[in-house]
Amino acid sequence: MVVSDFERFNVNDKVYLYYKDEYIPLIVKKRSDYPPHILVRFEGLEDINLVEKYKGYELFISEEEQGALDEGEYYFHELIGLDAYNDRADYRGKVEDVREVPQGYLLVIRTENGKKALVPFRDEFISKVTKERVIIKEIEGLF
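Everything in the sequence shown is counted per this note's numbering, starting at 1454 for the first residue and increasing by one.
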């Protein structure tokens, strides 16, 4: 789920908090809009002292609740684990993570020598994405 995916936070919707290697189900009790932000209250977590320990952790939805995406759009979990190749079919590593930055998204690719390469997930850098791999338009110094 992307942070700006605010439609996921409607009253009675279920989300999952990933905390200490466990997915904790939460039900949205209340939602208040304060553009460009929202404030969400969950059932059983009405006290700010109960919520503080969860600050900075991620929320998820079940795969069944994921909507269909437009062509060229992907959920992060669909990209993580893909093999990364350049346009010449040279193996460059494996997608380890996807990071959101102000300019968009970065693929974190773990190379064979253990280093990390950060590749912008933009048409200028990505040729193609399949279910098995991502093809990168490699520029000098990227890897």
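Every residue, glycine too, gets a C-beta built ideally from N, C-alpha and C.
CB residue i to CB residue j, shorter than 7 Å?
{"i": "Leu1512", "j": "Phe1495", "result": "no"}
{"i": "Ala1537", "j": "Ile1562", "result": "yes"}
{"i": "Ile1514", "j": "Val1464", "result": "no"}
{"i": "Tyr1510", "j": "Leu1571", "result": "no"}
{"i": "Phe1596", "j": "Arg1545", "result": "yes"}
{"i": "Glu1522", "j": "Val1548", "result": "The sequence given here places Leu at residue 1522; Glu does not occur at that position. Going by C-beta atoms, Leu1522 is not nearer than 7 Å to Val1548."}
Run the CB neighbour count on residue i, radius 10 Å, all protein chains shown included, and call it buried at 16 or more, exposed below.
{"i": "Glu1577", "result": "exposed"}
{"i": "Leu1535", "result": "buried"}
{"i": "Val1493", "result": "buried"}
Pick from the options: whose alpha carbon is nearest that of residue i?
{"i": "Lys1581", "options": "Leu1571, Glu1553, Asn1539", "result": "Asn1539"}
{"i": "Lys1590", "options": "Pro1555, Tyr1528, Arg1575", "result": "Arg1575"}
{"i": "Phe1529", "options": "Val1504, Leu1559, Ser1485, Gly1546", "result": "Leu1559"}
{"i": "Arg1586", "options": "Tyr1527, Val1504, Ser1485, Val1493", "result": "Tyr1527"}
{"i": "Asp1474", "options": "Tyr1507, Ile1588, Thr1583, Tyr1487", "result": "Tyr1507"}
{"i": "Ile1592", "options": "Lys1584, Ile1579, Thr1583", "result": "Ile1579"}
{"i": "His1490", "options": "Ile1477, Lys1482, Phe1462, Glu1505", "result": "Phe1462"}
{"i": "Val1481", "options": "Tyr1487, Gly1525, Gln1519, Glu1460", "result": "Glu1460"}
{"i": "Gln1556", "options": "Gly1520, Pro1573, Val1504", "result": "Pro1573"}
Using a Cβ-Cβ cut-off of 7 Å, state whether residue i counts as contacting chain D.
{"i": "Val1481", "result": "Among the protein chains of the structure shown there is no chain D, as only one such chain exists."}
Which ranges would you report for the beta strand (DSSP E) in the region 1542-1575 if only whole runs of at least 3 residues count? List check, beta strand (DSSP E) in window: 1544-1554, 1557-1563, 1569-1573.
Is it true that the region 1482-1502 meets the region 1515-1529, where meeting means three or more beta-carbon pairs spaced less than 8 Å apart? Here the region 1482-1502 makes no contact with the region 1515-1529; the two share fewer than three CB pairs at distances below 8 Å.
In chain order, which alpha helix (DSSP H) runs of at least 4 residues are fully inside the region 1465-1511? Listed in chain order, the alpha helix (DSSP H) elements of length 4 or more contained wholly in the region 1465-1511 are 1501-1504.
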